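This is the structure we're talking about:
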């Protein structure tokens, strides 16, 4: 069966690409430290030597729209074009083309349906920065086939937080029951406290540093019990009006497992939002010292 | 009242570079034209099937016509859609990085939790 060689949860900051590639007077003062952190984070994926990436993200009203809105959707296509005009316009993101791993998509859909998740699917999906940001930060070669999984953290009514956790646990089981000898990394992105289009947006820090501190503790310790006891659809309004993206972190905690501490934790306090990076190595895969594995 | 239709306006304008400029330059004309031609379009239908019942109420039409993003926030338009489109239209008018985004936040300072409901 396939092996989950890394579980990675990250924020997805669309400004990283522009900040990291800017030079001279255009380069923001926080760029060098940000790049250094990303390079260390990238190494946590590289050393796991994945063959396939399962990518969990959330469409930001690009292809998925209110006339036909799925709660959880799995892409099943040989290719995925990526990034949209308004992401090019606002963030300078490049157009990309990623290969798909259709066998794993089919397995996740069939077995996921049978496991109690009525997953939607797409055979022609143009993915957005919730998935391309971690490709840019973690695998800029964009050379591995992917299985994109979209969640609705954006357009209420939303699924409950516990449902994200359950889906994460199920994704882990589904990947590990895939009859393949390939090495799979599950990479998902969300947000800590975040406000977009509201009065608390674009402050010197994220809108709720105390929530961020607690959230990082929950994730780093795999503390799903503590997290689920406090996080509700209502409670997530308080830290910032876009904080429901935290539920994608909860999904990734479900993938990593209850009570499983992250092997790698890093944060970066930026204007506007706290960046946070976590890696787990199930079964110790990839946790050898740097340089040991080719 | 239709938060859905407000969002549909913001969504369809935001994804069309020509419409972004047209709405920036002529908001009243663009809103009138959009409501009479596109409001009832079902976005994934390409052969003429459409809805028949979509229209703005006066308050919604006025908010869009005035580029009044605090009013759109109050009406429950999706904040991400409003922000993204208004950045596209007006960030260029501010010399300081994030100048427009910070002004935007200031103009919404009178809102406290709970914010207007955005569920559609």
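Protein chains in written order, with the working numbering: chain A, 4 to 297; chain B, 410 to 529. Backbone N, C-alpha and C define an ideal beta-carbon position, used for all residues, glycine too. For clarity, every value in this text was computed on a predicted model and none was experimentally measured.
Per DSSP, what kind of secondary structure is residue i in: helix, strand or coil?
i: residue 186 of chain A; result: strand
i: residue 70 of chain A; result: coil
i: residue 191 of chain A; result: strand
i: residue 298 of chain A; result: Lying before the first or after the last residue shown, residue 298 of chain A is absent from chain A, which here runs from 4 to 297.
i: residue 237 of chain A; result: coil
i: residue 169 of chain A; result: helix
i: residue 130 of chain A; result: strand
i: residue 228 of chain A; result: helix
i: residue 125 of chain A; result: strand
i: residue 294 of chain A; result: Residue confidence is low: residue 294 of chain A scores 39 on pLDDT, short of 50, so the model does not pin down where it sits. Its coordinate-derived value is still stated next. Residue 294 of chain A falls in the coil class under three-state DSSP.
i: residue 278 of chain A; result: strand
i: residue 450 of chain B; result: strand
Hey, quick one: how far does the alpha helix (DSSP H) through residue i stretch, first residue to last?
i: residue 491 of chain B; result: 488-499
i: residue 219 of chain A; result: 212-224
i: residue 443 of chain B; result: 436-446
i: residue 49 of chain A; result: 34-49
i: residue 60 of chain A; result: Taken as a continuous stretch (DSSP letters only), residue 60 of chain A belongs to no alpha helix (DSSP H), being part of the beta strand (DSSP E) at 55-60.
i: residue 78 of chain A; result: Per DSSP, residue 78 of chain A belongs to no alpha helix (DSSP H); it is in the beta strand (DSSP E), 75-78.
i: residue 420 of chain B; result: 412-423
i: residue 88 of chain A; result: 88-94
Where do the ends of the beta strand (DSSP E) carrying residue i lie?
i: residue 102 of chain A; result: 99-102
i: residue 270 of chain A; result: 267-272
i: residue 6 of chain A; result: 6-14
i: residue 455 of chain B; result: Neither: residue 455 of chain B is in no beta strand (DSSP E) and is coded neither H nor E.
i: residue 83 of chain A; result: 82-85
i: residue 478 of chain B; result: No beta strand (DSSP E) holds residue 478 of chain B; the alpha helix (DSSP H) holding it covers 478-483.
Consider the Cβ of residue i: report whether some Cβ of chain B lies at a distance smaller than 8 Å.
i: residue 292 of chain A; result: In this predicted model, residue 292 of chain A has a pLDDT of only 44, less than 50, meaning its place in the structure is not dependable; the value taken from the coordinates is given anyway. Not closer than 8 Å to any Cβ of chain B, the Cβ of residue 292 of chain A fails to qualify, so no.
i: residue 123 of chain A; result: no
i: residue 63 of chain A; result: yes
i: residue 164 of chain A; result: no
Is residue i near the ligand GDP, with its Cβ less than 7 Å from a heavy atom?
i: residue 454 of chain B; result: As presented, the structure is devoid of all ligands, the ligand GDP included, so that no description of it is given.
Is residue i close to chain A? Criterion is C-beta to C-beta, closer than 8 Å.
i: residue 416 of chain B; result: yes
i: residue 413 of chain B; result: yes
i: residue 490 of chain B; result: yes
(message) Any C-beta of chain B within less than 8 Å: which residues of the stretch 68-85 of chain A qualify?
(response) 68, 69, 70, 71
(request) Please determine if the stretch 110-128 of chain A and the stretch 188-199 of chain A are in contact, where contact requires at least 3 C-beta pairs separated by less than 8 Å. (result) no
(request) Mind checking the stretch 194-222 of chain A against chain B and listing, in chain order, the residues whose C-beta falls within less than 9 Å of any C-beta there? (result) 198, 199, 200, 201, 202, 203, 204, 205, 206
(message) Beta carbons nearer than 7 Å to chain B: which residues of the stretch 85-99 of chain A have them?
(response) 88, 89, 92, 93
(request) For the stretch 255-272 of chain A and the stretch 169-176 of chain A, state whether three or more C-beta atom pairs, one from each stretch, are separated by less than 8 Å. (result) yes
(message) Does the stretch 214-229 of chain A come into contact with the stretch 274-281 of chain A, if we say contact requires no fewer than three beta-carbon pairs (one atom in each stretch) closer than 8 Å?
(response) yes
(request) Check each residue of the stretch 509-526 of chain B: if its Cβ is closer than 9 Å to any Cβ of chain A, include it; give the result in chain order. (result) 510, 511, 513, 514, 515, 516, 517, 518, 519, 520, 521, 522, 523, 524, 526
(message) Assess contact between the stretch 38-49 of chain A and the stretch 78-95 of chain A, defined as three or more Cβ pairs (one per stretch) separated by less than 8 Å. Is contact present?
(response) no
(message) Using 8 Å as the cut-off, can you tell me whether the stretch 411-430 of chain B makes contact with the stretch 453-466 of chain B, which would need three or more C-beta pairs spanning the two stretches below that distance?
(response) yes
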